[in-house]
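Asks:
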Amino acid sequence: MKALLDCRDELANITARAHLLELALLHTNEGGEGVYRDAICQQAQDVARQLSKLQETLAALTPGDK
Numbered sequence: 001m002k003a004l005l006d007c008r009d010e011l012a013n014i015t016a017r018a019h020l021l022e023l024a025l026l027h028t029n030e031g032g033e034g035v036y037r038d039a040i041c042q043q044a045q046d047v048a049r050q051l052s053k054l055q056e057t058l059a060a061l062t063p064g065d066k
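Dropping the structure here:
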């Protein structure tokens, strides 16, 4: 049960980061410039990695649901 709660918390964290990225992208012209654009790209990659890790964790918790 704790593992599922941890997954829920992690999903909330990922969702919050994704919303911040969305806001950052909405307030840049054509995806930002230079370092700012690179920072947004890095954050997007981090969110993608977090989602993959969460997916693996959930798959391990529910082995019958494939």
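First residue of the sequence shown: 1, per this note's numbering; consecutive thereafter.
Backbone N, C-alpha and C fix where the C-beta goes; we use that ideal spot for every residue, glycine too.
Kindly indicate the opening and closing residues of the alpha helix (DSSP H) around residue 27.
Replies: Translated into positions along the sequence shown, residue 27 becomes position 27. Premise fails: residue 27 is in no alpha helix (DSSP H) and is neither H nor E.
Asks: Residue 7 and residue 51 look like a contact to me (Cβ under 8 Å); what is the Cβ gap, rounded to whole Å?
Replies: To locate residue 7, count along the sequence shown from 1; it is residue 7. To locate residue 51, count along the sequence shown from 1; it is residue 51. Wrong, their Cβ atoms sit about 11 Å apart, outside the cutoff.
Asks: Determine whether the beta carbon atoms of residue 43 and residue 21 lie at a separation below 8 Å.
Replies: As a first step, residue 43 is located in the sequence shown; it is residue number 43 there, counting from the start. As a first step, residue 21 is located in the sequence shown; it is residue number 21 there, counting from the start. Yes. Within cutoff.
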